[in-house]
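Counting from 1, one number per residue, gives the positions in the sequence shown under UniProt numbering.
No residue lacks a Cβ here, since even glycine has one placed at the ideal position from N, Cα and C.
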Amino acid sequence: MEGMEEIVQEFLIESHENLDQLDQDLLALERDPGSRELLSSIFRTLHTIKGTSGFLALHTLESVAHAGESLLSKLRDGEMALTNEIATTLLEMVDAVRALLGHIENDGNEGTETYTDLVSRLHILLEGRSPAAEAAGTAPAATVAEAQAEVVETVVEAVEQAEQATESAPSVTVEVPAASHVQVVVADAQNAAPAPAAPTP
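So this is what it looks like as structure tokens:
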């Protein structure tokens with residue numbers, strides 16, 4: 001057990017040193033994206049971290065490092081070109097590795113964060129796709145659904161308000177005189193009218 005602790009300590013010291021160099025290499029790579037020397041150096045660092053973390057059963061660290069290593073392998077072999085999105089995601093990967101090493105050093109374990117989203121984005125980049133573009137592609141559907149929901153809600157509210165207005169409106173009673181009474185009034189009016197004047201000879 002004591003021998004394993006020594007291995008872990010050596011691994012932590014070596015990994016922290018390698019990560020400092022890795023940060024510098026990634027920043028330099030942004031200025032010279034085609035540098036095979038930088039790509040090979042970054043790949044070797046991640047390969048070492050992945051291999052040792054697998055030996056130590058640090059599965060989350062192994063998963064993150066392996067995803068980054070696979071992406072670096074394609075970049076190194078010229079199968080892919082470095083983009084801003086790839087560079088940014090690789091820097092996120094380095095931050096994740098550093099955070100995991102910090103947990104191992106301070107708590108004796110990797111912590112609760114699994115970094116599944118980061119690993120997924122690294123795999124998407126590995127397949128030549130863009131995580132940002134795919135995320136944006138799902139946005140319009142969500143926006144349309146939200147807009148439809150708002151329209152339905154507005155219509156329902158308008159109908160409810162109309163019903164309430166109808167229920168609360170005062171009723172108006174119109175008294176209609178009976179037909180016989182109307183006839184009498186008309187007859188009286190005719191009798192009261194003056195007779196037409198006789199024509200002048």
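Discussion item. Within a Cβ cutoff of 7 Å, which residues of the same chain sit near residue 204, ignoring the five residues on either side of it in sequence?
Written reply: Absent from the model: residue 204. The displayed extent of the chain is 1 to 201, so no value can be given.
Discussion item. In whole angstroms, give me the CA-to-CA distance for Asn109 and His103.
Written reply: Position 109 of the sequence shown holds residue 109. Position 103 of the sequence shown holds residue 103. Rounded to the nearest angstrom, the two C-alpha atoms are 6 Å apart.
Worksheet entry | Residue ranges of each beta strand (DSSP E) within the UniProt domain "HPt" (1 to 104), 3 or longer | Runs of the beta strand (DSSP E) inside the UniProt domain "HPt" (1 to 104): none found.
Item to complete: Tell me, to the nearest whole angstrom, how far the beta carbon of Asn18 is from that of Thr45; I am working on the premise that it is less than 8 Å.
Response: In the sequence shown, counting from the first residue as 1, residue 18 sits at position 18. In the sequence shown, counting from the first residue as 1, residue 45 sits at position 45. About 5 Å separates the Cβ atoms of Asn18 and Thr45, confirming a contact at the 8 Å cut-off.
Item to complete: Closer than 7 Å by C-beta to Met4: which residues in its own chain qualify, once you throw out the five before and the five after it? Chain order, please.
Response: As a working note, residue 4 is residue 4 in the sequence shown. Within the same chain, Met4 has no close Cβ partners at all.
Worksheet item: In chain order, what residues of the same chain have a beta carbon less than 7 Å from the beta carbon of Asp25, not counting five sequence neighbours either side?
Response: Numbered from 1 along the sequence shown, position 25 holds the residue referred to as residue 25. These residues qualify, in order along the chain: Leu38, Ser41 and Ile42.
Worksheet item: Taking the C-alpha atoms as reference points, what is the distance between Pro140 and Ser120?
Response: Translated into the one-based positions of the sequence shown, residue 140 becomes position 140. Translated into the one-based positions of the sequence shown, residue 120 becomes position 120. Only weak support exists for where Pro140 lies, its pLDDT of 48 falling under 50; the value from the coordinates is given anyway. Cα-Cα distance, rounded: 22 Å.
Item to complete: Compare the C-alpha of Met93 against each of Thr114, Val8, Glu105 and Ala81 and name the closest.
Response: Indexing the sequence shown from 1 puts residue 93 at position 93. Selected option, being the one with the closest Cα: Thr114.
Worksheet item: For residue 210, which of Ala87, Ala136 and Glu6 has the nearest alpha-carbon?
Response: Since the first and last residues shown for the chain are 1 and 201, residue 210 lies out of range.
Practice prompt. Determine the contact status of Leu100 and Leu61, defining contact as a CB-CB distance below 7 Å.
Written response: Start at 1 with the first residue of the sequence shown, and residue 100 comes out as number 100. Start at 1 with the first residue of the sequence shown, and residue 61 comes out as number 61. Taking 7 Å as the Cβ cut-off, Leu100 and Leu61 qualify as a contacting pair.
Discussion item. For Ala96, which residues in the same chain have their Cβ closer than 7 Å to its Cβ, ignoring the five residues on either side in sequence?
Written reply: Locating residue 96 in the sequence shown gives position 96, counting from the first residue. Apart from the 5 residues on each side of it in sequence, Ala96 sits with its Cβ closer than 7 Å to the Cβ of Val64, Tyr115 and Leu118 in its chain, given in chain order.
Worksheet item: Taking all protein chains shown into account, do 16 or more other C-beta atoms lie within 10 angstroms of the C-beta of Val152, making it buried, or fewer, making it exposed?
Response: The residue given as residue 152 occupies position 152 in the sequence shown. Its pLDDT being 46, under 50, Val152 is placed unreliably by the model, and the measurement read from it follows with that caveat. Counting other Cβ atoms within 10 Å of its Cβ, Val152 stays below 16 and is therefore classed as exposed.
Discussion item. Closest to Thr83 by C-alpha separation, out of Leu58, Ile7 and Arg129, would be which residue?
Written reply: As a first step, residue 83 is located in the sequence shown; it is residue number 83 there, counting from the start. Considering only alpha carbons, the answer is Arg129.
Practice prompt. Tell me whether Leu27 is buried or exposed, calling it buried when 16 or more other Cβ atoms sit within 10 Å of its Cβ.
Written response: Residue 27 sits at position 27 when you count from the first residue of the sequence shown. Counting C-beta atoms within 10 angstroms of its own C-beta, Leu27 has fewer than 16 neighbours from the protein chains shown and is therefore classed as exposed.
Worksheet item: Would a C-beta distance cut-off of 7 Å place residue 209 and Leu22 closer than the cut-off?
Response: Here the chain covers residues 1 to 201 and nothing more, so residue 209 does not appear.
Worksheet item: Distance, Cα to Cα, Leu56 vs Val8?
Response: Position 56 of the sequence shown, counting from 1, holds the residue named residue 56. Position 8 of the sequence shown, counting from 1, holds the residue named residue 8. So the alpha carbons of these two residues sit roughly 8 Å apart.
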